[in-house]
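For the sequence shown, our numbering gives the first residue as 35, with consecutive numbering after it.
Every residue gets a Cβ at the ideal spot worked out from N, C-alpha and C, and that includes glycine.
Below you'll find the structure, written out as structure tokens, and then a few comments.
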Amino acid sequence: MAKSKPLYKVTITPMCKEEEERFQDLVADEVARFVADLLPKDIMVKLGEEIGQRLDGKRENSI
């Protein structure tokens, strides 16, 4: 069997800080949507509150 040529060529280039932040935000949004589809609404509300508290704690510690 003859070996086929790859269909795509991928080039990975370094990201600037802004691109990296946008990419991380995009990944976080996609993960949040995925989890939201899996969990019931009441669990998502509790999870959101817990995440908010932890983020507030990190913000206070970084100041």
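Checklist entry - Is L60 helix, strand or coil by DSSP? => result Counting from one through the sequence shown, the residue named residue 60 turns up at place 26. L60 falls in the helix class under three-state DSSP.
Checklist entry - Run through DSSP, which three-state label would M78 get? => result Looking up residue 78 in the sequence shown gives position 44. In the three-state scheme derived from DSSP, where H, G and I count as helix and E and B as strand, M78 is classed as helix.
Checklist entry - What is the DSSP secondary structure of L73, counted as helix, strand or coil? => result Position 39 of the sequence shown, counting from 1, holds the residue named residue 73. In the three-state DSSP reduction, L73 falls in the coil class, being neither helix nor strand.
Next on the checklist: In whole angstroms, give me the CA-to-CA distance for F98 and A66.
Outcome noted: Residue 98 lies beyond the range of the chain shown here (35 to 97); nothing can be said about it.
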